[in-house]
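Structure record follows, encoded as structure tokens.
In this note's numbering, the protein residues as written are 6 to 627.
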């Protein structure tokens, strides 16, 4: 069945094979899923230009194959769409001197290498606002059409600060940019979790589907590796498609001060039931800043994006979440205190810098996001370092890859060392394998059961880790599907009311909807029903619901009921006949205390109103 035909017939449905999914339409315009499978890369190839590829030479080559540059990458690469056929284009380009064209590559292979993935799908995703603080994003996962529902999310601590080392010798506090992180769920999959970062039309997302413990999906914008492409073009891939290159952790370093040297005694923050809360402080070195386009806001957003993905993993596997107290960004090489590319020495420099200069920064752990190439080593951390002023440190070479699943797993791995997890081996080891992607792969990413249990038990007994209150409760979203806005009905005509209502924590709450009119007050309940007793006038209809946490959501629609003055007042339905249906119509209105049943206009509903109507009925029509 074609997707557009499905939408036209039923709205946005979940069509994921044999999985049992919700079949109710979601409030997404049909146009937002047209051409969801992107055709942007159709009939394209990638050319690596050489040192002799002048502008004129490039144009001559493009003309010879009917080519057009549709996107450009790093290292002198162009994505070219050809009109004379790919085989013919390859034949022509293979004859060009290697100083003009170094190599030619199929686009799918090129993108796979750029994102370190073996299989993927290119999709044009539309981020659809559905009201204040909510967006919906339709996406295809393994052939099934799903809906991401997202709300803004921040993991910043109440006194969060951004400090910049600009080489002046002093840290300068600057106003932090607005967070770009979001959290949510897959509407059709109860228990699912989504962590995302949204920047305009571009979205990075981790999607965890709980119907299958091996089902972790990732979305990344094509703009991370190419320029000139459509802003809504995204790579969608399964977590198990990530390709490992054998990079390793530099080790979980033991230390003499394990379980000692606490940070800031007696300064615990929140207490209560819920996730354990680890307070993180981050340091982005100058090379990491450069890898984020030498842009301060991009660097902050990148750190928060990685932590957002890591939070989902730790909340699910270990019952632990993270908040960020401060971020330091080194924007000048002159001010960068980190000078070595040896992993263990870099960890030592990082710890020394923070012990000597940043003890006032409140934290349970500090983590260095480095852009330095440490050879085959991607990260290193002190074992059981949390709560230690001397050893609460770790390092991640975060941008070693574009692959967001691997970037998330890397920092989760190093923080895992700080929370007592050693390296493991075996096919179920996952995140804590010494080689990233080894031991059966990083999974969702996820921790194996022994490592997750060990982390949780250790964290539960560390005094500096707060036993926080439950995760924030998000308000429900309501969308009235019928009637359409500004509809007009005659008095007594049936009006069909229906709405969708969902809550990130409680799921489908449409059955609890309460319907009210600014003229008639409350008049209905539930997801759908028919009503005939609205009074004449311009109505604002409100559908509202309250979730289990006490938060409410609502939607409104305006409609008009035109007064009908039949020649026979007893003819309630205006069909020109007096019969049982007119009496039933009156009794329904009387029971509902609808103003149309107040026959004497005294604002009371009693025997006198019934008597007046029965008298009119007995008089018959002229």
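Here a beta-carbon is modelled for each residue, glycine too, at the ideal position from N, C-alpha and C.
Segment limits, beta strand (DSSP E) that includes residue i
i: residue 190; result: 186-191
i: residue 163; result: 161-170
i: residue 617; result: From DSSP, residue 617 is part of no beta strand (DSSP E) but of the alpha helix (DSSP H) over 612-624.
Distance between residue j and residue i (C-alpha atoms, nearest Å)
i: residue 263; j: residue 463; result: Any reading at residue 263 needs caution, since the residue's pLDDT is 43, under 50, leaving its predicted position unreliable; the model's value is listed next. Going by the C-alpha atoms only, they are around 12 Å apart.
i: residue 344; j: residue 351; result: 8 Å
i: residue 585; j: residue 595; result: 15 Å
i: residue 356; j: residue 370; result: 11 Å
i: residue 482; j: residue 101; result: 58 Å
i: residue 361; j: residue 158; result: 33 Å
i: residue 28; j: residue 340; result: Low confidence applies here, because residue 28 scores a pLDDT of 33, under 50, leaving its location unreliable and the question unanswered by this model.
i: residue 523; j: residue 507; result: 24 Å
i: residue 537; j: residue 526; result: 14 Å
i: residue 214; j: residue 528; result: 39 Å
i: residue 104; j: residue 65; result: 15 Å
i: residue 195; j: residue 512; result: 7 Å
i: residue 109; j: residue 152; result: 37 Å
i: residue 301; j: residue 404; result: 16 Å
i: residue 170; j: residue 41; result: 43 Å
i: residue 429; j: residue 58; result: 50 Å
i: residue 610; j: residue 518; result: 27 Å
i: residue 478; j: residue 367; result: 26 Å
i: residue 333; j: residue 285; result: 12 Å
i: residue 98; j: residue 248; result: 29 Å
i: residue 150; j: residue 144; result: 6 Å
i: residue 444; j: residue 167; result: 38 Å
i: residue 387; j: residue 227; result: 36 Å
i: residue 693; j: residue 363; result: What is shown of the chain runs 6 to 627, which leaves residue 693 out entirely.
i: residue 624; j: residue 565; result: 31 Å
i: residue 63; j: residue 407; result: 28 Å
i: residue 460; j: residue 471; result: 15 Å
Residues bridged to residue i [DSSP beta-bridge criterion]
i: residue 208; result: 203
i: residue 282; result: 326, 471
i: residue 508; result: 512
i: residue 181; result: In the DSSP output, where bridge partners are listed per residue, residue 181 has none listed.
i: residue 222; result: 212, 243
i: residue 139; result: 136
i: residue 495; result: 567
i: residue 372; result: 287, 399
i: residue 146; result: 149
i: residue 500; result: 536
i: residue 379; result: 382
Buried versus exposed call for residue i [16 or more other C-beta atoms within 10 Å across all chains shown]
i: residue 178; result: exposed
i: residue 495; result: exposed
i: residue 436; result: buried
i: residue 292; result: buried
i: residue 409; result: buried
i: residue 56; result: exposed
i: residue 250; result: exposed
i: residue 604; result: buried
i: residue 202; result: buried
i: residue 128; result: buried
i: residue 616; result: exposed
i: residue 1; result: Absent from the structure is residue 1, since the part of the chain shown begins at 6 and ends at 627.
i: residue 183; result: exposed
i: residue 325; result: buried
i: residue 487; result: exposed
i: residue 212; result: buried
i: residue 268; result: Low confidence applies to residue 268: its pLDDT is 31, below 50, so where it sits in the model is not reliable enough to give any reading.
i: residue 581; result: exposed
i: residue 81; result: exposed
i: residue 197; result: buried
Where the alpha helix (DSSP H) through residue i begins and ends
i: residue 425; result: No alpha helix (DSSP H) contains residue 425, which DSSP labels as neither H nor E.
i: residue 231; result: No alpha helix (DSSP H) contains residue 231, which DSSP labels as neither H nor E.
i: residue 461; result: 454-465
i: residue 152; result: It is not in any alpha helix (DSSP H) - residue 152 instead sits in the beta strand (DSSP E) that spans 149-157.
i: residue 484; result: Per DSSP, residue 484 belongs to no alpha helix (DSSP H); it is in the beta strand (DSSP E), 482-487.
i: residue 112; result: 112-120
i: residue 128; result: Taken as a continuous stretch (DSSP letters only), residue 128 belongs to no alpha helix (DSSP H), being part of the beta strand (DSSP E) at 126-129.
i: residue 292; result: 291-296
Worksheet item: Could you give the uninterrupted runs of the alpha helix (DSSP H) lying entirely in the region 29-110, keeping only those of 4 residues or more?
Response: 60-70, 91-98
Worksheet item: Mind pulling the alpha helix (DSSP H) runs of 4 or more residues that sit fully within the region 510-596?
Response: 585-596
Worksheet item: Can you give, in chain order, each stretch of the alpha helix (DSSP H) that sits fully within the region 304-352 and has at least 4 residues?
Response: none
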